[in-house]
Amino acid sequence: MSNKFPQIKKLIIPAAGWGTRFLPMTKIIPKELVPILNRPSIDLLVDEAIDSGIEEIILVISTRKQEIMKYFEPNILLENELKSKQKHELLKKIRKTNREAVIRVVYQYEQLGLGHAILVGAKFFNDEPFAVILGDDLIQSDVPVTKQLMNMYAKCGSSILGVQEVEENDLNKYGIIIPKLDEEKNNNFFEIKGAVEKPEIKNAPSNKAVLGRYIFNYSIVKHLEKKLKNLEEDKELDIVDTFADYMKEEKIFAYEFEGIRFDLGSIKGFALATIHYALKNEEIGGDIKSHILKLAKAMG
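All you need for our numbering is the position in the sequence shown, starting with 1, plus 2.
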């Protein structure tokens, strides 16, 4: 693999939103702490970052979500209790969550969109490329999706959007990329000339949506800052708003990653993720499968 381009060591996870689709639960519990089986969803995203080789994670949250960081801090009383009872496997699991050394918390005092969240996190960077994992997108894959994008960055040195094909009826729910060359739209890696946020289905430029994974060169920051200065009242700064100006100077590529994505921004997505991870679990997978088959038979 080429060493021509800088190594990506830092990553932003924006997670400041209210989680309104999960009310009333999110009145007191941050959505990111809702578990997939016995692990908070945010822990699975942090796993992806670390398993990809990321050395520093910038967690962008609101002041009402400080409980998230407590999960990643050591609980000495609990560890001593488990140690005294010789529950070594549980102790190992608990200690794996002690990740405060690699996570920096940054507060986003106004929720002004993804572009703004990236700006809040990127102020700790120094002219270096960085990755982004969206808190609402859990992706189960053999090779961590962030690592897949990092591997492609090592080849091209350009900003990359993680994409996948979506059903036609869902095209108006996502940012849809515009391939630079129409004949390349079915490739798994290609240059884009833009993206359209939530287009009308009949006007969608492709069937590939941007799905929660990004790598950006630091130069994207100046374009975000420029857009933020001119942001209209009651508007949000979306990252796609910068693409037109950004691509006058640098290329952006789309990479169709491998993996199964779950939309954790919805109750349906959370339920599907829980079922998926339960079926893959060695301890309970067989029982869960039997129960689902029994229910399916009973329901006709």
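For each residue, glycine too, the CB sits at the ideal point set by N, CA and C.
Since the structure is predicted, the reported quantities are computational estimates derived from the model, not experimental observations.
Does the distance from the CB of residue i to the CB of residue j come in under 8 Å?
{"i": "Ala119", "j": "Val212", "result": "no"}
{"i": "Gly117", "j": "Leu35", "result": "no"}
{"i": "Glu102", "j": "Phe127", "result": "no"}
{"i": "Ile197", "j": "Phe259", "result": "Ile is not the amino acid found at residue 197; the sequence shown has Ala there. Against a cut-off of 8 Å, the Cβ pair of Phe259 and Ala197 comes out as no contact."}
{"i": "Glu57", "j": "Lys11", "result": "yes"}
{"i": "Ile269", "j": "Arg23", "result": "yes"}
{"i": "Tyr176", "j": "Phe7", "result": "no"}
{"i": "Leu140", "j": "Leu266", "result": "yes"}
{"i": "Gln113", "j": "Gly21", "result": "no"}
{"i": "Ile194", "j": "Ile203", "result": "no"}
{"i": "Lys200", "j": "Asn174", "result": "yes"}
{"i": "Ile290", "j": "Ala300", "result": "no"}
{"i": "Asn209", "j": "Val168", "result": "yes"}
What does the alpha-carbon distance come out to for the pair residue i and residue j?
{"i": "Ser4", "j": "Val242", "result": "In this predicted model, Ser4 has a pLDDT of only 47, less than 50, meaning its place in the structure is not dependable; the value taken from the coordinates is given anyway. Cα to Cα, the separation comes out at about 29 Å."}
{"i": "Asn283", "j": "Glu251", "result": "47 Å"}
{"i": "Leu297", "j": "Leu13", "result": "42 Å"}
{"i": "Lys29", "j": "Gln110", "result": "18 Å"}
{"i": "Leu92", "j": "Leu84", "result": "7 Å"}
{"i": "His225", "j": "Asn232", "result": "11 Å"}
{"i": "Asp138", "j": "Leu183", "result": "30 Å"}
{"i": "Phe192", "j": "His90", "result": "48 Å"}
{"i": "Glu234", "j": "Asp129", "result": "28 Å"}
{"i": "Ile286", "j": "Asn188", "result": "38 Å"}
{"i": "Ala273", "j": "His293", "result": "15 Å"}
{"i": "Gly288", "j": "Ala17", "result": "34 Å"}
{"i": "Met27", "j": "Asp144", "result": "32 Å"}
{"i": "Gln88", "j": "Ile78", "result": "15 Å"}
{"i": "Pro32", "j": "Glu185", "result": "43 Å"}
{"i": "Lys94", "j": "Lys237", "result": "46 Å"}
{"i": "Asp49", "j": "Lys72", "result": "16 Å"}
{"i": "Ala133", "j": "Asn82", "result": "36 Å"}
{"i": "Gln9", "j": "Cys158", "result": "12 Å"}
{"i": "Asn190", "j": "Gln68", "result": "39 Å"}
{"i": "Ser1", "j": "Pro76", "result": "In the structure displayed, the chain extends from 3 to 302; residue 1 sits before or after that span and is not available."}
Return the Cβ separation of residue i and residue j in integer angstroms, given the expectation that the two are a contact with Cβ distance under 8 Å.
{"i": "Pro131", "j": "Ile217", "result": "6 Å"}
{"i": "Arg66", "j": "Gln166", "result": "Not a contact, Cβ separation roughly 32 Å."}
{"i": "Ile96", "j": "Leu80", "result": "6 Å"}
{"i": "Ile15", "j": "Leu47", "result": "6 Å"}
{"i": "Leu121", "j": "Leu230", "result": "7 Å"}
{"i": "Ile135", "j": "Gly214", "result": "7 Å"}
{"i": "Gly123", "j": "Val108", "result": "6 Å"}
Considering only the alpha carbon of each residue, which of the options lies closest to residue i?
{"i": "Tyr248", "options": "Glu91, Val122, Asn219 and Ile178", "result": "Asn219"}
{"i": "Gln150", "options": "Tyr73, Asp138, Ala51 and Glu199", "result": "Ala51"}
{"i": "Ile44", "options": "Gly55, His90, Thr99 and Ile10", "result": "Thr99"}
{"i": "Asn153", "options": "Ile31, Ser208 and Gly55", "result": "Gly55"}
{"i": "Ala256", "options": "Glu202, Ser160, Val168 and His278", "result": "Ser160"}
{"i": "Gly261", "options": "Asn209, Leu233 and Thr148", "result": "Thr148"}
{"i": "Pro207", "options": "His225, Ile178 and Glu235", "result": "Ile178"}
{"i": "Ala275", "options": "Pro37, Lys33, Pro32 and Ala17", "result": "Pro37"}
{"i": "Lys253", "options": "Glu235, Ile222 and Asp236", "result": "Ile222"}
{"i": "Asp53", "options": "Asp236, Val104 and His90", "result": "Val104"}
{"i": "Glu227", "options": "Gly115, Asp49, Lys94 and Ser292", "result": "Gly115"}
{"i": "Gln142", "options": "Gly271, Gly302 and Leu295", "result": "Gly271"}
Tell me whether residue i, by its Cβ, gets closer than 7 Å to a heavy atom of the ligand NAD.
{"i": "Lys6", "result": "With respect to small molecules bound, the structure shown includes none, and the ligand NAD cannot be examined in it."}
Would you say residue i faces chain D, with C-beta separation under 8 Å as the test?
{"i": "Ala298", "result": "The chain inventory of the structure shown lacks chain D, comprising one protein chain alone."}
Secondary structure, alpha helix (DSSP H): runs of 4+ residues fully inside the segment 139-208: 147-158
Uninterrupted beta strand (DSSP E) stretches inside the segment 211-286 (no shorter than 3 residues): 254-258 and 262-265
Unbroken stretches of the alpha helix (DSSP H), 4 residues or longer, contained in the segment 20-89: 43-53, 69-73 and 78-86
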